[in-house]
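In what follows, a structure is listed as structure tokens, so that the remarks can point back to it.
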Amino acid sequence: MTKRIKIFLYFPPEQTEKPLIHHLIKEYDLMINILQAEVKQGKRGKLTADFEGNDEALRNALTFLEGLGIKYKIFTKSIIWHEDKCIHCGACTAVCPSRALSMNPDDWSLSFNHDKCLLCELCIPACPVNAIDKDFSQ
Amino acid sequence: MANKTFDYINEKIREGKAVVVTADEIVDLVEEKGVKQAAKEVDVVTTATFSPMCSSGAFLNFGHSEPPIRMTKIWLNDVPAYGGLAAVDTYIGATELSETKGMTYGGAHVIEDLIRGKKIKLHATSYGTDCYSKTEITTYITKEDINQAYLFNPRNAYQNYNAATNSSDCTLYTYMGTLLPNYGNITYCTSGQLSPLLNDPYFRTIGIGTRIFLAGAQGYIAWEGTQHSPNHVTIDHDKMHHYGGTLAVIGDLKKMDAQFIRAATFDRYGTTLYVGLGIPIPVLDEDMIRYLAVRDEDIYTQIVDYGLSTRSKPVLANVNYKQLRSGTVELMGKQIPTAPLTSLKKSREIALHLKDLIAKGKFLLQQPVQQLPGQREFRPLREEEVKG
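Chains as they are written, first to last, in numbering that gives the first Met the number 0: chain A, 0 to 137; chain B, 0 to 387.
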């Protein structure tokens, strides 16, 4: 069964010089979409990405990462945009680091691209009309 | 072309023959047909905005209880309202915060809930007088029960406003939204080429007595707004930068529609009210069409640094609204993302709605009974040492 997870990885200094993504793709056949990455060679690395692949391969990939001393966190929540409450002002787009929340330049409606969302939650308090929320139920 | 009058245009509206377009539509129309022809064909241009306007509030009259009370301290859903008027009159201001819920609920939310027809808890106390013996009351009110409920906003429809950015290394929480550190973003607040006072920059048709669309009801311009200080400077030879004109507006809250008004909380700043406002502008002559054809790229504002907590904040750049709407603006050699605070989508809905009302003969124009001042000094507060 194919599964998709959103994951945050934290690399110890010794792992910052290895082609980890290459291994994950090649050996575990994962589709990887990097959302945000900050890798400082020899210091530390942080990476947020979507991993998609076979259920078992995903499990094995995580075991592989654990073996290298890489800490990870799988996001289990998601940001919910209540479109019915939204006034399409754009205040949330001011704080969205990945532009998951953006204004449609034709009709100036807000649009929310879940795939780009980093789950930073900055948009929740920035929304003046309480139209953005998070969901832990998943 | 013979100039048109308010009476002539109103006659056409009554007959259902008036040609009405929005301030967005007039831009293309003038480009296509020219000023002369557009002035001849079009009778009314509708302008609108849906923006946060802190200087908003409502007057209410509750009616008298038995025995009566001269309300001295008043709370509506735990939000303090003004008690310094006659016995059962009050003014509830948009930015007043709840004493129990803090910034998540304020006067703006009371106003929205009233418009939605919700029950509002009224609590009031009094020292008691011979003519008003009751000293405390707790009950519920709705807009249907009370005598008067009218919005009276001392300052709405700012002609033009600064765009905001932040040079400091801390996130700032402001009435211009959340400003990220180190020039992390720029916010701006206008409907631009659709905005009322940018389409009539010298107040030729917008004045005291002008009938307006206010949050779904027909309201009026009551006075110049607070801080009204119309001014303009020239940028890039012929480009005019107008700023500072404001309006005080009034309208029947009982007739308002929650679709066109919304309470808001700006994170760690406080509550405010998004007010839907539409103003029809009659095409009196060709000069009027020239003003109405204004485009976002013709309207300039200043990017101001909110990183300094002073009254006069440094101006970093002059930009037009087309640049701001493009999503990024270059500042200090860096591309900085921009974000709006005015809902242009809702502003357009209001301009189209007002166009429809006028085209159907349901909204007539009112000629101002007095012009708004064209010049006004904007004074700072001078502080003096207080003795004793």
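All C-beta atoms in this analysis are idealised placements derived from N, C-alpha and C, irrespective of residue type, glycine included.
Sequence-ordered contacts of the segment 71-86 of chain A with chain B read ILE86 [C-beta pairs closer than 8 Å].
Annotation for B/ILE349: no beta strand (DSSP E) segment contains it, though the alpha helix (DSSP H) segment containing it runs 343-358. Relative to the Cα of A/LYS39, the nearest Cα in the group A/PRO96, A/HIS81, A/THR15 and A/ALA90 belongs to A/THR15.
At least 8 Å separates the beta-carbon of B/LEU178 from that of B/THR189. In this structure the segment 80-88 of chain A lies against the segment 105-124 of chain A, because at least three pairs of beta carbons, one per stretch, are closer than 8 Å. The C-beta distance from A/GLU51 to A/LEU29 rounds to 7 Å, short enough to meet the 8 Å contact threshold.
When only Cα atoms are considered, B/CYS169 and B/ALA80 end up about 34 Å apart.
Within the DSSP secondary-structure output, B/GLY277 pairs in a beta bridge with B/ALA47 and B/PHE212. With respect to chain B, the C-beta atom of A/SER108 has a partner C-beta closer than 8 Å.
For B/ASP88, the enclosing beta strand (DSSP E) starts and ends at 88-92. Listed along the chain, the chain B residues whose CB falls inside 9 Å of the CB of A/VAL128 are ARG261, ALA262, ALA263, THR264 and TYR273. Taking 8 Å as the CB threshold, A/ALA90 lines the interface with chain B. Taking a C-beta distance under 8 Å as the contact criterion, B/ILE335 and B/THR164 qualify as a contact pair. The C-beta separation of B/PHE151 from B/ILE260 comes to about 14 Å, leaving the pair out of contact by the 8 Å criterion. Rounded to whole angstroms, the Cβ separation of B/GLN192 and B/ARG294 is 5 Å, and the two are in contact under 8 Å. For B/TYR104, the CB contacts under 6 Å within the same chain, skipping 5 residues up- and downstream, are SER97 in chain order. A distance of 8 Å or more separates the beta carbons of B/SER308 and B/PRO153. For A/GLY52, the three-state secondary structure derived from DSSP is strand. Put simply, the backbone Cα of B/TYR320 is about 10 Å away from that of B/VAL328. Going by C-alpha positions, B/ARG381 is about 12 Å away from B/ARG310. Per DSSP, the continuous alpha helix (DSSP H) segment holding B/ASP27 begins and ends at 24-40. Contact note: A/ALA99 does not reach chain B at a C-beta cutoff of 8 Å; the least C-beta distance is about 13 Å.
By the CB criterion at 8 Å, A/ALA56 and A/VAL94 fall outside the cutoff.
Here DSSP, grouped into helix, strand and coil, assigns B/PRO339 to strand. Under the three-state reduction of DSSP, A/PRO124 is assigned to helix. Closer than 8 Å to the CB of B/GLY105 there is not a single CB belonging to chain A. Residue burial annotation: B/HIS241 is buried, with at least 16 other C-beta atoms found within 10 angstroms of its C-beta. In this structure B/THR46 touches B/GLY277 by the C-beta definition: roughly 7 Å separates them, less than 8 Å. By the C-beta density criterion, B/PRO339 is buried, having at least 16 other C-beta atoms within 10 angstroms.
Judged by DSSP secondary structure, B/GLN322 falls within the alpha helix (DSSP H) whose first and last residues are 320-324. By the Cβ test, the segment 202-222 of chain B is in contact with the segment 271-290 of chain B, since at least three Cβ pairs between them sit closer than 8 Å. Taking B/ALA221 as reference, the option from B/HIS231, B/LEU371 and B/GLN322 with the minimal CA-CA separation is B/LEU371. In the DSSP annotation of this structure, the continuous segment of the beta strand (DSSP E) that includes A/MET30 starts and ends at 30-39. For the 8 Å CB-CB criterion, B/THR245 and B/GLY275 do not form a contact. Rounded to the nearest angstrom, the gap between the Cα atoms of B/ARG267 and B/MET102 is 8 Å. In its own chain, leaving out the 5 sequence neighbours on each side, no residue places its CB closer than 6 Å to the CB of B/LYS333.
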